Amino acid sequence: MYMKLCAFRIRNFRSITDTGWQNLSPDNITCLIGQNESGKTSILEGLRSFYTGSISEDVLRSDLTLPEISCRFNVNNGWLSDVTENPGSELKELLSELTTVELTRNWLPDFSSTIKVSGRISEYLDSLENAWGLYLNEVKAKLEKEIEEINRLKSRLDEIMSLKADIIMRANPAAGKGMVGRLFRKSEGGLVERLPADQKHKFNDLVKEEESVRKTLAGKKEIADAGLKYGALLAGLEETDRKLDDLESKLEEYHQKMTLLLMPMDKTEDPEWTKVLEDFRNNRMAKEKLKSDMEAHIAFSGYLMEGRSPEESQMLTLEAMRRYKSQYTSEMLGRKYFEYCPDIEMFEDFGSLLPNRIDLEDIITGNENVEGYKAARNFLTLAKLDYSFFQQPSSRILKQKIENLNNTLTVNFQDFWQQSIGRNNKIKIQFELDHYSLNYSDKAGKPYLEFWVKDSGERLYPKQRSRGVRWFLSFYMELKASAMRSTKPMVLLVDEPGISLHARAQEDVLKVFEDIKDRIQIIYTTHSPHLVDVNKMHRILAVQRDDLDNLKSTTRVLDPLKLASASPDTLTPLQNIMGNPLPSEGFSANRLNLIVNDTGTFYLISCIIQVTGFKGKISIIPSTDVSSIPLMCNIMMGWGLKFAVLLFGNERERKLEEYLKENMFRPGDKEGDYLIVTDPRFLNAEDLLSTLDFKNHVLKTREGITVPNSVYMEEKELPRSFLLSRLLGDVRQGRIEPGDFDEETHENFRYLVELLKGFK
Amino acid sequence: MHGESTYQSEMLAKAGLQAFDEHLSSLRYAGMIQHALMPDEETLSGILKDYFILFLPRDIVSGDFYYAFSNREYLCVAAGDCTGHGVPGALLSILGISFLNEIMQSEKCMKANRVLNMMRERVMKALHQTGEKSGTKDSIDIALCIVSLKTGEMQYAGANRPLVMIRNGELTEYKPDLMTIGLAPVEERAFKNNYIGTRPGDMFYLFSDGFPDQFGEESNKKLKNKNFRKILETASSLTMMKDQKAFLENSFFEWRGKMPQVDDVLIFGFKL
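If you read the sequences in order, they're chains E and D.
Count along the first sequence from 1, then add 343; that gives the number in our numbering.
With the first letter of the second sequence counted as 1, position 68 gets the number 50 in our numbering; the numbers rise by one all the way through.
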């Protein structure tokens, strides 16, 4: 059993500040849509870096904050406790109830990284660490108090000695320095005897106090020693911290320089860099060691302060550490669970390109350096061949087997590749086994495999085929072979698959994804509507910049439920498939071509036609914008097509109406033959909906709206085309029925239909 | 010491009374403003042939309000009842009146239900009602009629408040939509338009729920709608609308007796 990737969160990676947790589609195919430069590829690269642990300066954001990438995985109930040895009863209980596990990879300034378990498991481990930390803090405070007391006693002792000397000196001014020294030796006791009575009394009090202080200090000797060691460790830690601060600044400077230069550099050739890196790593290790020594020493001092012997304290310290500290840290568990992480691979375009020819020997010996090795290996995997197949002694039987295999492979490939060259001329993939002739002196007689991509007209080497065919073949073989070989789950990251493919072939890419999704999880980016399955909108994550006009702004990811707030450009692939201007709805010679201001209006008019059941012969042609309508009129006129322009009451269309009347239509033309102008209260198509229907069926919100719907859309900068295409989708799929619209909307719809009917 | 404390109490009482007086006079002034926002006798008699307004606020200011508007094509009358009474109700009633004014003056193609739909949008926006937890739950119940001056056709739309028509002594009640002008519990729906062909002499009554909800001294029970209709039917037998008002007013006070008034009372009666 392995873990299945179900969500991710990427922080501080290229344009991404924080994606928040983003769930992947539960059916194993997730599609990232968005404009160029929105950050889609960064998400794929982020996930790849989570797996490999490697990053370079170019992924750093301008503030040089280091990346942090988390992945959440689904696991079976009880699996975590099964793979965690001796977790302890509390941790075991937690692990056995968890069905997800979170791993987070953090990078350090030297670009090394740690992988830790995060989420609920780390919260539990942290709570244990916190308990240990609280205990240590308590002991530390007590120890510092003790050290303070010992220091106070020591200075009092110095004070007593000096007071005693003072008394002697004052009574025997001539005694001199040497006398004071002798004062503290028993043999010099006579000096005290000669003191006046009050001084003698004072002196004896000091002697008694001195004895008491000395006795107390002697009792605290071990604690005093512990205090000294504590001081030394503290100084060591401070010094290491200071050094690490310096080194981190140096590393940051270096990253900054590299980011600005925007060029990779071989860091191993830079001795200064190597030295800084080495120092940083050594100091980090030293710090970890000092920290751990300090913890043990504080605990040890605690027991000393309780009056235990050093040996006893040592033993109790070890026991306490076992008790308070879990045997596992977040890092240890992170490393452990990461072993079960699916392989996260980036699909390499043309990485599996079939060679024209490859020596069998190179395949058998696994010579990865030879051109096309990977593709040939994938090919043999697909053909379910191992190398013993070629040891068949009879060349006739071998040739027959190869012939059969070629047929099977072609049939399988054609299941996915629908395109034909000409009418029924589908391409076939083939391989042949042959031997070098005597012309190849060093290889003469050695076997090689030769590959062909055939159609009935031509037999060409793979490299002679079009870019699209080569890409698809490479893609097909790589994915199918990976799925067949995989013993461990795999997440395949595919950046813009099939750019060079025809629309139908792009749909074939989706078929390959569907075919392997049970064995390989796919996350891909696309701009193409043909690579988005409209019936599986849950697969979509929309990626866009926070500020659409600023490429330096951060990347935002919107899940399927929040797509309505995505920008129109981000949603282009969706708009193109939801109520798409179908091929049958293009320019028509038999119908009236009704030009409307944009795709949003196209969707709404299509919706009105559906709701009212209008049967007029009309083909709706969306312009890209009001300003393009004159151009479209010119085209229609040039082609001699019957057309009309539908104009709403907004200022731009009112001006256009004037323009068209003055410039476009010939004198004598009745502009009524070309123009359908709505009542001025309909500023745009969406104003044909009552406010209530606009809220309920388009916006799906409940706030009060007191301006025309079109004005509201503009003010709020809503993705008009997307929202109206969603409405059309809802109406077409019966989620919204004609009876769901209110009387006012129906009245407006009837009004428009009458306008269209009246147009001859 | 004792003297000082008495002095302080007296001063405090004096200050309290003064504050109360100030509140009262400002409320009275607010009441005057509220009245001024509603159509005066001159306006109403210019719009309607014969009418009466029985308006008995429970407090100085009221949550009930009436409205009338006319242009060359139609006349519009309405009686509203805002949630609560006193100051909160009055504030909402002022919003209601100004929204009605704004809608009536801007709309060309007038429909009673459309006016209520538009009014609801304005109230929801003003009170930040979005269906989320934030925002108030306040709302306005209202009955609104629009009469075409050309055809005599009446449109009625109601938000929780009905319209009563008495023709030849027979009472017909037009039921309202059971929705208020404000956030609905689940989802807002469009108000329904009722078209009523009118005849000369037809009498119409719009009213708040203050009268039927009033507790009577003798029974200690609410009057209820059924009895209120009987009173209306009886009143309608009086030809002059001002006589009907006097009858209804007397009936109210008679029913109420010494019981306190529970809510604002408004009846807007008019004859076509």
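Glycine included, every Cβ here is placed at the ideal spot set by N, Cα and C.
In this text the structure is predicted, and so the values were computed from the model without any measurement.
Contact belief for residue i with residue j at Cβ below 8 Å, rounded distance in angstroms
i       : j       : result
E/R882  : E/C374  : 5 Å
D/P144  : D/A125  : 6 Å
E/M1067 : E/V1050 : The question names Met, yet the displayed sequence has Leu at residue 1067 of chain E. Actually they do not touch by this definition, with Cβ atoms about 18 Å apart.
E/F1031 : E/I978  : The question names Phe, but residue 1031 of chain E is Leu in the sequence shown. E/L1031 to E/I978, Cβ: 27 Å. No contact.
D/Y156  : D/N175  : Contact doesn't hold; Cβ gap of about 11 Å is too wide.
E/K958  : E/L935  : The pair is not a contact, with the Cβ atoms about 13 Å apart (cut-off 8 Å).
E/I386  : E/I353  : 6 Å
E/E688  : E/L816  : Contact flag wrong, Cβ pair sits at about 19 Å.
E/Y946  : E/L1061 : Not quite, the Cβ-Cβ distance comes to about 14 Å (not below 8 Å), so this is no contact.
E/F759  : E/L697  : Not really, about 16 Å apart at Cβ, beyond 8 Å.
C-beta contact flag for residue i and residue j at 8 Å
i       : j       : result
E/A824  : E/N933  : no
E/T442  : E/V418  : yes
E/M675  : E/A642  : no
E/I376  : E/A885  : yes
D/C58   : D/M86   : yes
E/V939  : E/F1092 : no
E/L496  : E/T559  : yes
D/E199  : D/K240  : yes
D/I122  : D/L74   : yes
E/L468  : E/Y671  : yes
E/R305  : E/D453  : One cannot answer for residue 305 of chain E here, as it falls past the ends of chain E, which runs 344 to 1103.
D/D258  : D/G62   : Nothing about residue 258 of chain D can be reported from this structure: the residues present for chain D run from -17 to 254 only.
D/F81   : D/R104  : yes
D/M185  : D/G251  : yes
E/I865  : E/F856  : yes
E/L1144 : E/L752  : Since the displayed chain E opens at 344 and closes at 1103, residue 1144 of chain E lies outside it and no answer follows.
D/A139  : D/L98   : yes
E/G382  : E/R357  : yes
E/L479  : E/E631  : no
E/T1021 : E/F991  : yes
Neighbourhood of residue i by C-beta distance below 8 Å, restricted to the same chain and skipping five residues each side
i       : result
E/K529  : Bear in mind that the predicted position of E/K529 carries a pLDDT of just 46, short of 50, making it too unreliable to give a figure here.
E/R828  : T724
E/K1038 : T1044, R1045, E1046 and I1048
Same chain, Cβ closer than 6 Å to residue i, five either side skipped, listed in chain order
i       : result
E/L1098 : I1019
E/R1063 : G943 and M1056
E/S592  : none
E/V713  : D705
E/I320  : Absent from the structure is residue 320 of chain E, since the part of chain E shown begins at 344 and ends at 1103.
E/P840  : V852 and Y867
E/N923  : Only weak support exists for where E/N923 lies, its pLDDT of 41 falling under 50; the value from the coordinates is given anyway. Excluding positions up to five away in sequence, the list is empty.
E/K483  : I641
Other residues of its chain near residue i: CB distance less than 7 Å, five sequence neighbours each side excluded
i      : result
E/F756 : I772 and Y819
E/K831 : Y345, P685 and D686
E/N355 : R404, T408, L409, P410 and E411
E/K797 : I770, K771 and Q773
E/I963 : E928, L937, V939, F945, I948 and S949
Problem - the segment 444 to 459 of chain E / the segment 668 to 688 of chain E touching (three or more Cβ pairs under 8 Å) - result: Contact between the segment 444 to 459 of chain E and the segment 668 to 688 of chain E is present: three or more C-beta pairs spanning the two stretches fall below 8 Å.
Exercise for the section: Please determine if the segment 648 to 659 of chain E and the segment 804 to 813 of chain E are in contact, where contact requires at least 3 C-beta pairs separated by less than 8 Å. Expected result: Flag = no, the segment 648 to 659 of chain E and the segment 804 to 813 of chain E do not touch.
Handout entry: Residues, ordered as in the chain, of the segment 1069 to 1086 of chain E that lie near chain D by beta-carbon distance below 7 Å
Key = Contact residues of the segment 1069 to 1086 of chain E toward chain D are D1085 and E1086 (C-beta to C-beta distance below 7 Å).
Handout entry: Touching by the beta-carbon criterion (3+ pairs, under 8 Å), the segment 1036 to 1049 of chain E and the segment 97 to 113 of chain D
Key = Result yes; three or more Cβ-Cβ pairs closer than 8 Å.
Exercise for the section: Compile a chain-ordered list of the residues in the segment -3 to 24 of chain D whose CB is closer than 7 Å to at least one CB of chain A. Expected result: Given the protein chain composition of this structure (E and D), no chain A is represented.
Exercise for the section: Would you be able to state if there are at least three C-beta pairs under 8 Å between the segment 2 to 20 of chain D and the segment 221 to 237 of chain D? Expected result: Contact fails: fewer than three Cβ-Cβ distances are below 8 Å.
Problem - Proximal residues, the segment 180 to 194 of chain D versus chain E, C-beta separation under 8 Å - result: Near chain E, meaning a CB-to-CB distance below 8 Å, no residue of the segment 180 to 194 of chain D qualifies.
Problem - Sufficient close CB pairs (3 or more, under 8 Å) joining the segment 503 to 513 of chain E to the segment 539 to 547 of chain E - result: Touching, yes.
Exercise for the section: Note down, in chain order, all residues in the segment 49 to 64 of chain D with a beta-carbon under 7 Å from any beta-carbon belonging to chain E. Expected result: Listed by position along the chain: nothing, the set is empty.
Practice task
For the segment 363 to 371 of chain E and the segment 428 to 440 of chain E, state whether three or more C-beta atom pairs, one from each stretch, are separated by less than 8 Å.
Solution key: Using a Cβ-Cβ distance cut-off of 8 Å, the segment 363 to 371 of chain E and the segment 428 to 440 of chain E are not in contact, since fewer than three pairs of beta carbons, one from each stretch, lie closer than that value.
Practice task
Check distances from the C-beta atoms of the segment 1033 to 1048 of chain E to those of chain D and list, in chain order, the residues that come in under 9 Å.
Solution key: Of all residues in the segment 1033 to 1048 of chain E, S1033, T1034, L1035, D1036, K1038, N1039, T1044, R1045, E1046, G1047 and I1048 have a Cβ within less than 9 Å of some Cβ in chain D.
Handout entry: Members of the segment 219 to 231 of chain D that neighbour chain E once the beta carbon cut-off is set at 7 Å
Key = The residues in question: there are none.
Exercise for the section: Report the residues of the segment 127 to 160 of chain D with a CB closer than 7 Å to any CB of chain E, ordered along the chain. Expected result: Cβ contacts with chain E come from no residue of the segment 127 to 160 of chain D.
Exercise for the section: Output, in sequence order along the chain, the residues in the segment 101 to 116 of chain D whose CB is closer than 9 Å to any CB in chain E. Expected result: Residues of the segment 101 to 116 of chain D whose Cβ lies closer than 9 Å to any Cβ of chain E, in chain order: R102, E103, R104, V105, M106, K107, A108, L109, H110, Q111, T112, G113 and E114.
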